[in-house]
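Please read the structure below before turning to the comments.
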Amino acid sequence: MNKLRRFYLNHLKRKMFNKIILIYSAVMMVLFLIAAVMVYQYQVQRIIREESDANLKTAQVLSIYLNRQYENIQTLVQQIYGDAALSDDLIYFMNHRYEDYLGHRLHLFSRPGEQRVQSFSSVLKSYLEQNPGASGVTIFSYPKDFYMQIRPQSQQLKYENGSKADWESWFSERKHYGWDTMNRYGPFLDAAVNASSGTYSYFRELQDPWTLEKVGMMMAEFDAGQLSAWLKTRAPDVRGRILVMSSRGTVIYDSEETGGYAGQTYPYLHQLDNTEKWIPLDEMSKVNVLSVGNAELSVVGIVSKSSIHDSTVRLRNTLIVVTLLFVTASFLVTFTVMRKHSKKIQRIIRSMSRIGEGDLSVRIQMPGEDELQQISVRVNDMCERLELYIDKMYTSEIRQKHAELVALQSQIQPHFLYNTLESIRMRAHTSGAKEVGQMIYNLSVMFRSMVKKDTIVTVQEEIELCSIYLDLFRIRYEGRLAVGIELDREIGGCRITKLLIQPIVENYIVHGFRSLESDNEISLSAVREEERIVITVADNGKGIPAGRLEEIRRMLSAPSQPSGVGGSSIGLINVHERIRMNYGEDYGVTVCSEEGKGTVVRVRIPILREGFM
């Protein structure tokens, strides 16, 4: 367990790509195994189907051969019964002693003008010559207790041996089961007949066509070796095992080289009804059962599991090798690809570590167009923006320190200055110069506000400062300046950087005010537009020449300059720079002006409630 835990900690817990490789390999292995099992099952079923079909074809070939043998026998019997002379010859043979039969034949031949009558024995020999599979025909006589064996090259007359009861029992059994094997007749037939265990026979009872009396039995003997020879010529690739069985289950032919069940009753006869599933015979097997016409024979094809075992073993081994090759190839390809991406990730991690140590000059060079390359681009952009932001903040801090220094310098003895201005105001008021006193009061209020250290004020305070500043000039110019102020109460308490509006108003007084005219007007409004505060300063002053206006607009749209404009000068550009530094690039100052008609300056800042700055 400790080794597994160390392996997990060292190679998996902090190694994302190792986890991916492990999971991917496991998934691919499972998928390949499932695919291999499915292919194996499909191929096994295909092999079984092919083996079964080939076995069925072999059984059909053998069925055709047996059906032809049966039809030939029936044709032979019909030929005998269809010819009156032949049938009379056969019936006479069955009902008389052989010496009497020979005398009868000689008598027929000796008649003058009588045509020569063909004997039944010559017809049977002709049948044997035309059917190589038939090895002989035996005719049994019920009335005279003898039988004649007819071979292609010989003919023998034999008398029945054994008891009469045994023969009658044997004949009775043959009437019900026409097909049988020769090794079942040992006690009754001649040794030359029962010596061959590879012989099977067909029995047909004979009767007198005129009286319909049962007079004997014909037995046709067949060489089982001819069945094997027939299969070799017609179905050389014998698949499985082939059995030929009689109606009572006696196996008259078995394709096994050792003979197998030949001459025996098949022990699994009642299990041959199910031809769709595997059934337990000598081993689990599939069977094909074909009936041979009306011959009361069945051809049974048997495909055992052991017969397809070699093919399935080869298939299984091949699939195992192929699956292992695919799994190995998949793992190698995945490992190569993941290793390549892992190196990219390590490069990004090293660069991020240097950035975390404060080296913002780091730039990640990442080939390709994948997500890692996009991450590298974003990190590079972030470093550039951080550098720019730090430069801006540094510049803003320098400016703030400079402003604080100026403010500190201006605060030399502030109480002394306040008291002095208050004394002058009281002297002017006592002397009756009320307007001079008001101007001194306004100047004192402005002075107090401007030297405060606070850099953030409310919109209302900034507007009031501008109003006091304009009051000074309205009193000074005695009715030649009209002032309009509008403030949306909803935004009056919002926060704003100090002295953003006063420099704009001062620009109008310095550059746009027409001192010789009496219709000077300036309006100051602060309203809300969605999530912004828009402060508008509009006048009907001299306006700005087109060239100068274009220059101002170009300076306003240019990127922020770290050094500012004009050092300590206060103006539109200074206000614009302060807004962008404090609120971002989406905010700032816009100017619209027409020479001789006036100027409109709009300041856009975000809505910030108390506590945001």
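For the sequence shown, our numbering assigns the number 664 to the initial residue and increments by one for each residue that follows. Every residue, glycine too, gets a C-beta built ideally from N, C-alpha and C. This one's a predicted model, so the numbers in the text were calculated from it and none came from an experiment.
Option in the options with minimal Cα separation from residue i
{"i": "G796", "options": "I736, L987, E762", "result": "I736"}
{"i": "S826", "options": "E836, D1151, D808", "result": "D808"}
{"i": "I684", "options": "W893, T997, G956", "result": "T997"}
{"i": "M880", "options": "I1053, L791, V800", "result": "V800"}
{"i": "I1008", "options": "Q704, R867, M1029", "result": "M1029"}
{"i": "R607", "options": "K1055, V724, I686", "result": "Here the chain has residues from 664 to 1276 only, and residue 607 is not among them."}
{"i": "R1241", "options": "R1139, V1173, K1055", "result": "K1055"}
{"i": "G1259", "options": "S1186, H1239, R1177, I1268", "result": "R1177"}
{"i": "R904", "options": "L719, F695, G1019, I710", "result": "L719"}
{"i": "D746", "options": "W873, S1016, Y863", "result": "W873"}
{"i": "G1155", "options": "V1120, L1135, C1046", "result": "V1120"}
{"i": "I1207", "options": "E1248, Y1246, V1264", "result": "V1264"}
{"i": "A883", "options": "P899, F866, I915", "result": "F866"}
{"i": "S974", "options": "V693, H1239, E714", "result": "E714"}
{"i": "E831", "options": "Y805, I813, G841", "result": "Y805"}
{"i": "G923", "options": "L906, G1261, L935", "result": "L906"}
{"i": "V1200", "options": "E1213, L1212, E1184", "result": "E1184"}
{"i": "S784", "options": "S773, I754, H770, R774", "result": "I754"}
{"i": "G1019", "options": "K1003, F994, L1049, Q1036", "result": "L1049"}
Three-state class that DSSP yields for residue i in the structure shown
{"i": "W893", "result": "helix"}
{"i": "G799", "result": "strand"}
{"i": "S782", "result": "coil"}
{"i": "R1265", "result": "strand"}
{"i": "D1182", "result": "coil"}
{"i": "K1260", "result": "coil"}
{"i": "V1120", "result": "strand"}
{"i": "K1003", "result": "helix"}
{"i": "V976", "result": "helix"}
{"i": "S1024", "result": "coil"}
{"i": "F1176", "result": "coil"}
{"i": "W830", "result": "helix"}
{"i": "S715", "result": "helix"}
{"i": "I1207", "result": "coil"}
{"i": "S817", "result": "coil"}
{"i": "K807", "result": "coil"}
{"i": "V901", "result": "coil"}
{"i": "G1230", "result": "Only weak support is given to the placement of G1230: the predicted model assigns it a pLDDT of 36, under 50, and the question is left unresolved by the model."}
{"i": "D936", "result": "coil"}
{"i": "I915", "result": "strand"}
{"i": "Y790", "result": "helix"}
Spatial neighbours of residue i in its chain, beta-carbon cut-off 6 Å, leaving aside the 5 residues before and after
{"i": "S782", "result": "D752"}
{"i": "M947", "result": "W941, K968"}
{"i": "M811", "result": "I802, L820"}
{"i": "L932", "result": "G912"}
{"i": "F756", "result": "Y764"}
{"i": "H1239", "result": "L1219, G1251, V1252"}
Cut-off 7 Å between Cβ atoms - residues of its own chain near residue i, not counting five sequence neighbours on either side
{"i": "A699", "result": "L982, T986"}
{"i": "V702", "result": "L982"}
{"i": "S1232", "result": "Its pLDDT being 35, under 50, S1232 is placed unreliably in this model, and the coordinates cannot settle the point."}
{"i": "D1151", "result": "A1189, V1190, R1191"}
{"i": "E792", "result": "P815"}
{"i": "I1027", "result": "R1010, I1011, S1014, S1039, V1042, N1043"}
{"i": "S789", "result": "none"}
{"i": "L1271", "result": "C1157, R1158"}
According to DSSP, residues forming a beta bridge with residue i
{"i": "S1325", "result": "This structure cannot settle anything about residue 1325, because the visible part of the chain is limited to 664 through 1276."}
{"i": "P943", "result": "M947"}
{"i": "S909", "result": "L960"}
{"i": "C1255", "result": "V1263"}
{"i": "S1188", "result": "E1149, T1199"}
{"i": "A883", "result": "V800, Y865"}
{"i": "R1158", "result": "T1121"}
{"i": "R837", "result": "DSSP output for R837 lists no bridge partner at all."}
{"i": "F994", "result": "Bridge partners of F994: none, in fact."}
{"i": "D1033", "result": "Answer is none; D1033 lacks a bridge partner."}
{"i": "Q1009", "result": "Bridge partners of Q1009: none, in fact."}
{"i": "D843", "result": "S864"}
Cβ-heavy atom distance, residue i to the ligand PLP, below 6 Å
{"i": "I1159", "result": "Absence of the ligand PLP from the depicted structure is noted, as is the absence of any ligand whatsoever, leaving it without description."}
Own chain residues within Cβ distance below 8 Å of residue i, not counting five before or after
{"i": "Q1072", "result": "Model confidence at Q1072 stands at a pLDDT of 49, short of 50, so the residue's coordinates are unreliable; what they give is reported in the following sentence. No residues qualify anywhere along the chain."}
{"i": "S1226", "result": "No answer about S1226 holds up, because its pLDDT of 42 lies below 50 and its placement is not dependable."}
{"i": "D870", "result": "Sequence check: residue 870 is Gln here, not Asp. E876, K877, V878, listed in sequence order."}
{"i": "G1142", "result": "S1181"}
{"i": "V1197", "result": "A1189, V1190, R1191, R1265, V1266, R1267"}
{"i": "V786", "result": "L739, Q742, I743, L749"}
{"i": "Q1123", "result": "L1150, G1155, G1156"}
Complete beta strand (DSSP E) runs within the segment 681-751 (minimum length 3 residues, chain order): Those beta strand (DSSP E) runs which fall completely within the segment 681-751 and span 3+ residues do not exist here.
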